[in-house]
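**Student:** The numbering of the sequence shown is my numbering, which starts it at 29 and goes up by one.
Heads up, the beta-carbon is just placed ideally off N, CA and C, and yes, glycines get one too.
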Amino acid sequence: MIVLLIFKSSVFEIQLSGWAGQGTYGTVFKAKNRETLEIVALKRVRLDDDDEGVPSSALREICLLKELKHKNVVRLHDVVHSERKLTLVFEYCDQDLKKYFDACNGEIDPDVVKSFMCQLLRGIAFCHSNNVLHRDLKPQNLLINKNGELKLADFGLARAFGFPVRFYSAEVRF
């Protein structure tokens, strides 16, 4: 079954088998932009009925990723807001590092490990050079596309630094 999401700017086609993941604030779907035929990831964030509005983690992610443009940082293409949902349109990556490791059954080519480490460090260095701390690096937040490119993702706990801030939140997710 195919579901169409129609926004003012774009039309996305989601196959119900295209579910990619579930997070704290929403669901991620694999989708195809009907106009460009580009495969994307749609992160649909639920907006509660209370008056709190958009979750702070979603706002942080949007603000930071709009500024961070690097081949080792997942690209945020667009943000679409409706009354009950916020949809973030990301570049699509086939899997995360945890799924990649699980599929390898402990047999990982040392050259691949070196490549992933180099890409990880480039992405982190870019973030730090732009005064951004990711604060939630783990295999599930490191995405890998079909070309073997590793990308930092999930900037919901990230913070800009270099401004006078006394404390960061103690929230840590496992």
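#1: Between G176, V68 and C91, which has its C-alpha nearest D137's C-alpha?
#2: Kindly identify the DSSP beta-bridge partner or partners of R187.
#3: Rounded to whole angstroms, what is the Cα-Cα separation between S84 and I67?
#4: Grab me the residues of T55's own chain with a C-beta within less than 6 Å of its C-beta, minus the 5 sequence neighbours each way, in chain order.
#5: On the criterion of 16 or more Cβ atoms from any shown chain inside 10 Å, does V193 qualify as buried, or is it exposed?
#6: Helix, strand or coil for D139? Go by DSSP, reduced to three states.
#7: Does DSSP put I172 in a helix, in a strand, or in coil?
#8: Use the C-beta contact count for V101: other C-beta atoms within 10 angstroms, 16 or more gives buried, fewer gives exposed.
#9: Out of D76, K99 and E135, which has the shortest C-alpha to C-alpha gap to S110?
#10: Return the chain-ordered list of same chain residues with a C-beta closer than 8 Å to the C-beta of C91, the five sequence neighbours on each side being excluded.
#11: In three-state DSSP terms, what is E177?
#12: Go ahead and label K50 buried or exposed: buried means 16 or more other beta carbons lie within 10 angstroms of its beta carbon, across all protein chains shown.
#13: Consult DSSP for K71 and reduce its assignment to one of helix, strand or coil.
#14: May I ask you to report which of helix, strand or coil DSSP gives V193?
#15: Pick helix, strand or coil for G81, following the three-state DSSP scheme.
**Tutor:** Walking through what the data contain:
#1: One-based indexing of the sequence shown puts residue 137 at position 109. Nearest C-alpha to D137: G176.
#2: Taking the first residue of the sequence shown as position 1, residue 187 is located at position 159. Per DSSP, L161.
#3: As a first step, residue 84 is located in the sequence shown; it is residue number 56 there, counting from the start. As a first step, residue 67 is located in the sequence shown; it is residue number 39 there, counting from the start. Straight-line Cα distance between these residues: approximately 27 Å.
#4: Indexing the sequence shown from 1 puts residue 55 at position 27. Closer than 6 Å at Cβ, skipping near neighbours: R72.
#5: Walking along the sequence shown from the start, residue 193 turns up at place 165. Only weak support is given to the placement of V193: the predicted model assigns it a pLDDT of 49, under 50, and the value that follows is read from those uncertain coordinates. The residue is exposed, with fewer than 16 neighbouring Cβ atoms inside 10 Å.
#6: Indexing the sequence shown from 1 puts residue 139 at position 111. In the structure shown, D139 sits in a helix (DSSP, three-state: H, G or I).
#7: In the sequence shown, counting from the first residue as 1, residue 172 sits at position 144. In the structure shown, I172 sits in a strand (DSSP, three-state: E or B).
#8: The residue you call residue 101 lines up with position 73 of the sequence shown. Classification of V101: buried, given that the 10 Å Cβ count is 16 or more.
#9: As a first step, residue 110 must be located in the sequence shown, where it is residue number 82. Looking at the Cα atoms, D76 is the closest of the given residues.
#10: On the sequence shown, position 63 is the one that residue 91 refers to. Excluding residues within five positions, none has a Cβ falling inside 8 Å.
#11: Here residue 177 refers to the residue found at position 149 of the sequence shown. E177 falls in the coil class under three-state DSSP.
#12: Position 22 of the sequence shown, counting from 1, holds the residue named residue 50. Reading off the sequence shown, one finds Gln at residue 50, where the question assumed Lys. With fewer than 16 other Cβ atoms within 10 Å, it is exposed.
#13: The residue labelled residue 71 in the question sits at position 43 within the sequence shown. Of the three classes helix, strand and coil, the one that applies to K71 here is strand, per DSSP.
#14: If you number the sequence shown from 1, residue 193 lands on position 165. Residue placement at V193 is flagged as unreliable, the pLDDT there being 49, under the threshold of 50; a coordinate-derived value is accordingly withheld.
#15: Start at 1 with the first residue of the sequence shown, and residue 81 comes out as number 53. The answer is coil: DSSP assigns G81 none of H, G, I, E or B.
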